[in-house]
Structure formats: structure tokens, C-alpha cells
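Q:
2 protein chains.
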Amino acid sequence: MPPDGPPPDVAVLVVILTVVEGELRVLLIQRSAPPDEGAWAIPGGALITNESLDAAATRKLAEETGVRDVFLEQLYTFSDLDDFAPAGAVAVTYFALVRHDGVRLAERSAWAPGWFAVNALPVLAFHNERVLDLARVRLTSKLEYTNAAYSLLPEFFTMSQLQETYESIMGRKLDKRNFRRRVLASDLLVVTQQTAKAGRHRPARLYRFASRTPVEL
Amino acid sequence: MPPDGPPPDVAVLVVILTVVEGELRVLLIQRSAPPDEGAWAIPGGALITNESLDAAATRKLAEETGVRDVFLEQLYTFSDLDDFAPAGAVAVTYFALVRHDGVRLAERSAWAPGWFAVNALPVLAFHNERVLDLARVRLTSKLEYTNAAYSLLPEFFTMSQLQETYESIMGRKLDKRNFRRRVLASDLLVVTQQTAKAGRHRPARLYRFASRTPVEL
DNA sequence: TCAAAAGTGTTCCACTTACACCCATGT
DNA sequence: ACATGGGTGTAAGTGGAACACTTTTGA
Numbered sequence: 469m470p471p472d473g474p475p476p477d478v479a480v481l482v483v484i485l486t487v488v489e490g491e492l493r494v495l496l497i498q499r500s501a502p503p504d505e506g507a508w509a510i511p512g513g514a515l516i517t518n519e520s521l522d523a524a525a526t527r528k529l530a531e532e533t534g535v536r537d538v539f540l541e542q543l544y545t546f547s548d549l550d551d552f553a554p555a556g557a558v559a560v561t562y563f564a565l566v567r568h569d570g571v572r573l574a575e576r577s578a579w580a581p582g583w584f585a586v587n588a589l590p591v592l593a594f595h596n597e598r599v600l601d602l603a604r605v606r607l608t609s610k611l612e613y614t615n616a617a618y619s620l621l622p623e624f625f626t627m628s629q630l631q632e633t634y635e636s637i638m639g640r641k642l643d644k645r646n647f648r649r650r651v652l653a654s655d656l657l658v659v660t661q662q663t664a665k666a667g668r669h670r671p672a673r674l675y676r677f678a679s680r681t682p683v684e685l
Numbered sequence: 469m470p471p472d473g474p475p476p477d478v479a480v481l482v483v484i485l486t487v488v489e490g491e492l493r494v495l496l497i498q499r500s501a502p503p504d505e506g507a508w509a510i511p512g513g514a515l516i517t518n519e520s521l522d523a524a525a526t527r528k529l530a531e532e533t534g535v536r537d538v539f540l541e542q543l544y545t546f547s548d549l550d551d552f553a554p555a556g557a558v559a560v561t562y563f564a565l566v567r568h569d570g571v572r573l574a575e576r577s578a579w580a581p582g583w584f585a586v587n588a589l590p591v592l593a594f595h596n597e598r599v600l601d602l603a604r605v606r607l608t609s610k611l612e613y614t615n616a617a618y619s620l621l622p623e624f625f626t627m628s629q630l631q632e633t634y635e636s637i638m639g640r641k642l643d644k645r646n647f648r649r650r651v652l653a654s655d656l657l658v659v660t661q662q663t664a665k666a667g668r669h670r671p672a673r674l675y676r677f678a679s680r681t682p683v684e685l
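In the order they appear, the protein sequences are chains W and G.
For the first sequence, this note's numbering assigns the number 469 to the initial residue and increments by one for each residue that follows.
For the second sequence, this note's numbering assigns the number 469 to the initial residue and increments by one for each residue that follows.
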């Protein structure tokens, strides 16, 4: 969508995060034009006429991933990310959580997207590492008092899947019994009667989130 | 590096809060032109060429109050506050905490400023009540884990003054002993050897904040 | 001596943390 | 029968909430 042309006065960037293979990963786009050609950047674009910021973020997320109705929240607004932007330009950043297997990446030869582990980032354009740092901090704290993880898991999931998701984001192991107790006490989860048979071991009970829209405790 | 064209559609608003007489109050400006003429609004203005958002908020705060070097933090960015703004306009909001007795209000016949208790607001322009609600929520939570109150108190203050400040913001009484214990355990405060003699009762010990710049726990 | 605000400790409860073994299933 | 991941309880420690009296001063 947005190769060249002068940068808009108000850009919307969306940090799109997922968890795969025990890693927190972010969707980045490789710039195929100066400045910072070849470097990777957070996807974004200009605000369209008559569009709200939330709508622009929703649209951008859908363009890149095909995904809708997920956790998407405003992060921070920067005025000094892009040294080449016209004076007065601002970047309103959002962050989104998506299920890796629900994503259909945009297919483009230029501006190709790719997933990167947040612990092994490529060379980034502008000052995008500041945005990513902020997103990680906010996500970690959101996990503690919201149901944000609903957006990273299928409708039904096991307690182990949930715990692994948390561990991947926080970057450390959690105690199984304590995790279980806390998360069940929070009332964010609902126990189902179903189980997942998955190999030569005891089947795991399935849970779901009480709400699949954002809830704060 | 393009020259400056038309001004960008980015406004910066600053919610300026203080505590006086046991009340949390906000500085508002009375509009003397349409739209919403006569209604009160959060002070703000356009971003100036080559100015960062933080700089614009700092400048706006100084213009209205003469105050610098206080708690000032970005709050949220809205695209749908002002129904009359051009499409694509956004409002980046900040909130600031000032000492009431350090303020020198701008003197103007038009667009006169005034303080209002947040519990007794006048008719507001645009959707400014959304911004004020958000500021209150954020302030209340910031009090719990930062030294934000440094910006509302003189350099030296008594434990009672500090507690009254907290109570005014939270809108409820706190237990004296628990408050003392918590706030001293936080390491945000330093005990001085001085006392304040203030009438026919026991003099109060004076405290100061360990840092008069923002600190998170 | 009295009025006024400053200052001080303890108990209870809820929540967090650390920690190790048995259970149900498939091969 | 055994390997694999699922599932469970308890004790110790920590932090918050409730609660009332003594101290110091000035008038």
C-alpha cells in the first residue's frame, strides 16, 4: 500500500505481536525505499480522511494480517521517531495481539513482511526499538490484570497452553500450581467439560475465556 | 527535508490539575468564539514547527501557568474529540500537576482561565469530559506507585499535608497509621530533622521527596 | 488544664511463594 | 509397564486493613 510519497502528518503504527514456538514475535516490514532502505520497520500508514485513529489501526492490522476483532490498544504517540518526517509529524502507535495461525500475511514483493522474535530483532528503521520496548512492557503488565491473552489463543485451550503463552511473553518459567490458582481465581476463565486427547498421557481439561473482548480486572 | 507547508492537524491539550482546599481542581479556559462559545475547555493549541509533543505540552503549560519542571505526562491521543475539527485532526493530551500557589494565571479578557473542582465541572466544550475522566483515573493510579505528588506540594511538607493531598485526589479518607507506614516504606520520602510549628499543638515533622523528578517504583 | 493535631503498634486476613507427588492415557 | 504430560495441597511469609490511645504544644 504505502511506498513512496511524502510522509503524512499523522501516521498510525501497529505493533503486531504473536506467540509461536515459545517465543514472542513481532511482525515487521522491510523497507524497499530510502530512508533506511533494507531496514525493518513497524507497519503503519497515514490516517485516511474521516477515519478515527482506532479505525486506522484496525484497518492497518487487517491489511497486514487479515485479522479482525482482536486485542488492539493505543500505546503512545511519538513526535520524534522519524528524523526524516516533516516537522510536526506524529506517529500514533498501537499494539495488537494475534493468533499466529489466524494470520494471512500480505503478499508483496516490495515491503515484504516477516515475523521476528523480539529477542532477536533485525536492524530497525527509525527508532522503532523504542516503540517495541514500550509494547513489551505494556503487554507484560496487561497480562497481569486483563484477559488480553484471549487474543493469542484458540477459543478452547488447556491450562498448559495458557501457561506457556504467559511464560513466552514474560520470558521466564512460572509455577504450575500457583499459576492455575491465580488464573482460576481471577474469574477470567471458564472451565469446560471437554478435554483434549493429545498423545500417550492424561487428557487435559479445556478452558475458555469468559469474554473474548477486552476486560480489565 | 521538506519546508513547512500548512500547519499539521495535531493539537496538544494539557489537563492542568492542582489540589486546593481539599479539592482536586482543573484549569479550564472559557471559549469566546464558536463553536461551543461560552463553554469551558481544556487549554491547548497547535504543535509549532520543529517542536516535539513534549515540548509543546511544556510550552502550553508554561503559557497558562508560568510553571516549569513539574509532573507532566502524555495521557492519550484522540481523533474524535472535536466534531468541528478538520478530518484527520488528532488531539494529543497530556496531564500536569502543579502547586496551586506557584501558578500565575495568564491574564486575558478573552479565553479567560479558571479553576474548577473536578466534581463540579461547568459545561464543557467538545468531549472534554472524556479527557478529564481519563486524567483522574490515571492520576489516581500513578499516586500509588510514583512520586507524582511531589509536584503538588512544597519542598518540605508534613505527613498530614501529604495525606490530605492523597485524600483529595482519591476522594476518600485514609487511615493515618497505614498511610504513614506505606509511604515511608516506599523510599520515596526522606525524613528531615525540621518541624513545622503551626499553632497550639504539637509541631509536625517535615519530609521531602527523595527526588523531585518523576520516579516509578 | 484544655484544645488541637502529631505520632505510634498490633492483630487479622488474604494473597503470594515455594515445593513434590500421584493420575490418566497410549504404546 | 512405562513414559508423558495433567493435575493436586500445604506451610511460611508478606502486605493490606482495621482499630484507639498517648504526646507535644500554645493559649
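From the three backbone atoms N, C-alpha and C, an ideal C-beta is built for every residue, glycine too.
By DSSP, does W/G473 sit in helix, in strand, or in coil?
A: Note that W/G473 scores 35 on pLDDT, short of 50, meaning its location in the model is unreliable and no value can be drawn from it.
Q: Name the residues in the stretch 477 to 492 of chain W whose C-beta lies less than 7 Å from a C-beta of chain G; which are they?
A: Within the stretch 477 to 492 of chain W, the residues whose Cβ lies closer than 7 Å to some Cβ of chain G are D477, V478, listed in chain order.
Q: Could you check the C-alpha separation between W/S500 and W/G513 for me, to the nearest Å?
A: Whole-angstrom Cα-Cα distance: 15 Å.
Q: Give, in chain order, every residue of the stretch 504 to 528 of chain W whose Cβ lies closer than 7 Å to some Cβ of chain G.
A: From the stretch 504 to 528 of chain W, only L515, T517, N518, S520, L521 have a Cβ closer than 7 Å to chain G.
Q: Say whether chain G places a C-beta atom closer than 8 Å to the C-beta of W/D548.
A: Yes, W/D548 counts as interfacial toward chain G.
Q: What does G/A555 touch in chain W if you count any residue whose Cβ is under 7 Å from its own?
A: Result: T517, N518.
Q: Among all the DSSP beta bridges, which residues are the ones paired with G/P581?
A: Answer by DSSP bridge pairing, in chain order: G/I497.
Q: Fully enclosed by the stretch 527 to 563 of chain G, which beta strand (DSSP E) runs are 3 residues long or longer?
A: Counting only runs of 3 or more, we get 539 to 546.
Q: Hey, is the stretch 580 to 597 of chain G in contact with the stretch 560 to 574 of chain W, meaning 3+ C-beta pairs nearer than 8 Å?
A: The stretch 580 to 597 of chain G is not in contact with the stretch 560 to 574 of chain W.
Q: Is the Cβ of G/T545 closer than 8 Å to any Cβ of chain W?
A: Yes, because at least one Cβ of chain W sits closer than 8 Å to the Cβ of G/T545.
Q: Quick one: residues in its chain with C-beta nearer than 7 Å to the C-beta of W/K528, no 5 flanking neighbours on either side, listed in chain order?
A: Here the set comprises V480, V482, P511, G512, G513.
Q: Does the beta carbon of W/V558 come closer than 8 Å to any beta carbon on chain G?
A: It does: the Cβ of W/V558 has a partner Cβ on chain G nearer than 8 Å.
Q: Can you pull the DSSP bridge partners for G/Y675?
A: Looking at the DSSP assignment, G/Y675 forms a beta bridge with G/F625, G/V659.
Q: I'd like to know whether the C-beta of G/Q542 is nearer than 8 Å to at least one C-beta of chain W.
A: Answer yes: the Cβ-Cβ gap between G/Q542 and chain W drops below 8 Å somewhere.
Q: Tell me whether W/D477 is buried or exposed, calling it buried when 16 or more other Cβ atoms sit within 10 Å of its Cβ.
A: Flag for W/D477 reads buried.
Q: Have a look at G/T633, G/I516, G/M627 and flag the residue whose alpha-carbon is nearest the alpha-carbon of G/A664.
A: Out of G/T633, G/I516, G/M627, G/M627 has the C-alpha closest to the C-alpha of G/A664.
Q: Less than 6 Å between C-beta atoms, sequence neighbours within five positions excluded: which residues of the same chain meet that for W/V487?
A: The answer, listed in chain order, is L620, T633, S636.
Q: Expressed to the nearest angstrom, what Euclidean distance is found between the alpha-carbon atoms of G/E684 and G/A616?
A: Taking the straight line from one Cα to the other gives about 9 Å.
Q: Which of helix, strand or coil does DSSP assign to G/G513?
A: Residue state, collapsed to three classes: strand.
Q: What is the C-beta distance between G/T545 and W/Q542, in whole angstroms, given that I count them as a contact (C-beta under 8 Å)?
A: Contact holds; Cβ gap of about 7 Å.
Q: Who are G/A479's beta bridge partners in DSSP?
A: For G/A479, which the question treats as bridged, DSSP gives the partners G/A514, G/A559.
Q: Using only the alpha-carbon positions, how far apart do G/P503 and G/F552 sit?
A: If I take the Cα positions, the gap works out to 8 Å.
Q: Given a threshold of 16 other Cβ atoms within 10 Å of its Cβ, counted over all protein chains shown, does G/W463 qualify as buried or as exposed?
A: Residue 463 of chain G is absent from the structure shown; chain G starts at 469 and stops at 685.
Q: Quick one: what does DSSP say W/L485 is sitting in, helix, strand or coil?
A: In the structure shown, W/L485 sits in a strand (DSSP, three-state: E or B).
Q: Using a Cβ-based criterion (distance less than 7 Å to any ligand heavy atom), does W/V482 qualify as near the ligand MG?
A: As for the ligand MG, it is missing from this structure, which has no ligand bound.
Q: Taking DSSP's pairing of strands, which residues face W/T614 in a bridge?
A: DSSP output for W/T614 lists W/E684 as bridge partner(s).
Q: What's the gap between the Cα of W/A507 and the Cα of G/G556?
A: The alpha-carbon atoms of W/A507 and G/G556 are separated by roughly 29 Å.
Q: If I'm right that W/L652 touches W/A678 with Cβ under 8 Å, what's the distance once you round it to whole angstroms?
A: That pair is no contact at about 11 Å.
Q: Locate the alpha helix (DSSP H) running through G/N646, then write down its first and last residues.
A: Per DSSP, G/N646 belongs to the alpha helix (DSSP H) from 644 to 653.
Q: Helix, strand or coil for G/A664 per DSSP?
A: Three-state DSSP puts G/A664 in a strand.
Q: Establish whether the CB of G/P470 and some CB of chain W are separated by less than 8 Å.
A: Confidence in G/P470 is poor, its pLDDT being 38 and thus under 50, which makes the residue's placement too unreliable to answer from.
Q: Between the Cα of W/G582 and those of W/P682, W/L492, W/Q498, spot the shortest distance and give me the residue it belongs to.
A: When only C-alpha atoms are compared, the closest one is W/Q498.
Q: Which of helix, strand or coil does DSSP assign to W/L492?
A: Correct three-state label for W/L492: strand.
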